[in-house]
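S.K.: Just so it is clear: in the sequence shown, position 322 is 521 by our numbering, and no numbers are missing. Let me begin by handing over the structure; questions about it come next.
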Amino acid sequence: MTRATGVGSMPGTTDGDHVEATRLVLGELPDLPHVPEVPGRGVTAAMTGRGLAVVEGLGADLQPAGWRLTDADGVDHRRARSLLAQDLDTVEELAQDYQGAFKTQVAGPWTLAATVEKPRGDKVLSDHGARRELAQALAEGVRTHLADLRRRVRGVDRWIVQVDEPALAAVVAGKVPTASGFGRHRRVDLPEASAHLEWVVSAIVDGGGEAWVHSCAPQTPWALVAGTGAHGLSADLDMLGPADLDTFAEVLESGRTAALGVVPSTTPAGGASEVRTTERVQRWLDMLGLDPDGVGEQLVVTPTCGLSGATAEWAGSAVRLSATVARNL
Numbered sequence: 200m201t202r203a204t205g206v207g208s209m210p211g212t213t214d215g216d217h218v219e220a221t222r223l224v225l226g227e228l229p230d231l232p233h234v235p236e237v238p239g240r241g242v243t244a245a246m247t248g249r250g251l252a253v254v255e256g257l258g259a260d261l262q263p264a265g266w267r268l269t270d271a272d273g274v275d276h277r278r279a280r281s282l283l284a285q286d287l288d289t290v291e292e293l294a295q296d297y298q299g300a301f302k303t304q305v306a307g308p309w310t311l312a313a314t315v316e317k318p319r320g321d322k323v324l325s326d327h328g329a330r331r332e333l334a335q336a337l338a339e340g341v342r343t344h345l346a347d348l349r350r351r352v353r354g355v356d357r358w359i360v361q362v363d364e365p366a367l368a369a370v371v372a373g374k375v376p377t378a379s380g381f382g383r384h385r386r387v388d389l390p391e392a393s394a395h396l397e398w399v400v401s402a403i404v405d406g407g408g409e410a411w412v413h414s415c416a417p418q419t420p421w422a423l424v425a426g427t428g429a430h431g432l433s434a435d436l437d438m439l440g441p442a443d444l445d446t447f448a449e450v451l452e453s454g455r456t457a458a459l460g461v462v463p464s465t466t467p468a469g470g471a472s473e474v475r476t477t478e479r480v481q482r483w484l485d486m487l488g489l490d491p492d493g494v495g496e497q498l499v500v501t502p503t504c505g506l507s508g509a510t511a512e513w514a515g516s517a518v519r520l521s522a523t524v525a526r527n528l
């Protein structure tokens, strides 16, 4: 059976909004709920801050230019870790009776390298040693994080860890701006890009989890991602080009997972039709030469990226529509 889940982020600005988001995903996405993220609460709750909260063995602090690695944890880094623990307390409490698969999310090594600065400034991306150290610290932190999740929600028999890499396309294309904004960092060679992702994917697998990689950016190198050992690829359907069809077909044919963002993340002007959305996915599968009955639960339906920018009402509608489309398929 085709399943539905969320990408991760949800609208809101308070801790109470996170509680409501958790109730929503547990109630409306019973086949594959996820740990909600509510980045509207501030930088410590946003993707980079939450990723640094998982990283083990490295300190960080928030500077005027953004997150920066430091010798010791700064107050904002401690806040990010505290907020993550608080959110997991909420999930633990509300999911006490849950049985089945569950998904969580973490920023990937290249997205962190492109958004976090070295101690003396400029992005971690600019330094081979620094980006290797950050990726390895993330991999180690993911192992610990996954063990914590397994302890908290004991009814989960399958933890999926979605590695968010929206910056990967820019990293391998040499499009990440330098600190001055006047230049661009050198492109990262594909073997190195793959190796850093592989460290994180392997850490997830070693911890008993299932690794997915998600990106909502165009021109993401999906063939590279598929070669890292990730079990699932997650993308907005609008961002996939003709060159990506073979990769996603091979993933599904090999028994792995493809998660497609097909439900708009903000209220569409003309409304959203479950029939049209279902037919759109069916047409895409037809282009791949696959039948919905044949892919079953390997196909996952999600809203598109950016649900944190939606109204609370539309977020609920988008989650329910995703579940309906999955049932239709």
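A virtual CB, placed ideally from N, CA and C, is assigned to each residue, including glycine. This structure is a prediction, so every number in the text was calculated from the model and none was measured.
Just the C-alpha distance for N527 and T446, rounded to the nearest angstrom, thanks.
M.R.: On the sequence shown, position 328 is the one that residue 527 refers to. On the sequence shown, position 247 is the one that residue 446 refers to. About 25 Å.
S.K.: In the structure shown, what three-state DSSP assignment does G270 receive?
M.R.: Numbered from its first residue, the sequence shown carries residue 270 at position 71. Contrary to the premise, residue 270 reads as Asp rather than Gly in this sequence. Reduced to three states, the DSSP call for D270 is coil.
S.K.: Cα-Cα, which of L345, D347, H395, H384 is closest to E364?
M.R.: Reading the sequence shown from its first residue, position 165 is the one you call residue 364. Put simply, of L345, D347, H395, H384 the residue whose alpha carbon is nearest the alpha carbon of E364 is H395.
S.K.: Is it the case that the Cβ atoms of L293 and R249 are separated by a distance below 8 Å?
M.R.: Residue mapping note: residue 293 aligns to position 94 of the sequence shown, counting from 1. Residue mapping note: residue 249 aligns to position 50 of the sequence shown, counting from 1. Contact: no.
S.K.: Using 8 Å as the cut-off, can you tell me whether the region 344-356 makes contact with the region 370-382, which would need three or more C-beta pairs spanning the two stretches below that distance?
M.R.: no
S.K.: Alpha helix (DSSP H) containing F447: first to last residue?
M.R.: Translated into the one-based positions of the sequence shown, residue 447 becomes position 248. Segment 444-452, the alpha helix (DSSP H) holding F447.
S.K.: Could you check where the beta strand (DSSP E) with A434 kicks off and where it finishes?
M.R.: Here the question's residue 434 lines up with position 235 in the sequence shown. From DSSP, the beta strand (DSSP E) with A434 extends over 431-435.
S.K.: Would DSSP call V360 helix, strand or coil?
M.R.: To locate residue 360, count along the sequence shown from 1; it is residue 161. It is a strand residue.
S.K.: Which same chain residues end up closer than 6 Å to V218 when comparing Cβ atoms and leaving out the 5 residues on each side of it in sequence?
M.R.: Position 19 of the sequence shown, counting from 1, holds the residue named residue 218. Excluding residues within five positions, the ones whose Cβ falls inside 6 Å are T289.
S.K.: By Cβ distance, which residues of its chain are closer than 8 Å to E291, with the 5 residues on each side in sequence left out?
M.R.: Position 92 of the sequence shown, counted from the first residue, corresponds to residue 291. If we look at E291 and ignore the five residues flanking it on each side, its Cβ neighbours are R351, V352.
S.K.: On a Cα-Cα basis, can you pick out the residue from G256, T243, M209 that is closest to E236?
M.R.: Stepping through the sequence shown from its first residue, residue 236 is reached at position 37. Nearest of G256, T243, M209 to E236, Cα basis: M209.
S.K.: Take D216 and list the residues in its own chain whose beta-carbon comes closer than 6 Å to its own, dropping the five residues that flank it on each side.
M.R.: For this step, residue 216 is matched to residue 17 along the sequence shown. Counting only Cβ-Cβ distances below 6 Å, and skipping sequence neighbours, we find V237.
S.K.: Between which residues of its own chain and G155 is the CB-CB distance below 6 Å, once the five residues before and five after are set aside?
M.R.: A question about residue 155 goes unanswered here, because the residues of the chain that appear run from 200 up to 528.
S.K.: Do the CB positions of P515 and L231 come within less than 8 Å of each other?
M.R.: As a working note, residue 515 is residue 316 in the sequence shown. As a working note, residue 231 is residue 32 in the sequence shown. Looking at the sequence shown, residue 515 is not Pro but Gly. The answer is no: Cβ separation not under 8 Å.
S.K.: Should the region 452-466 be regarded as contacting the region 502-512, the criterion being three or more beta carbon pairs within less than 8 Å?
M.R.: yes
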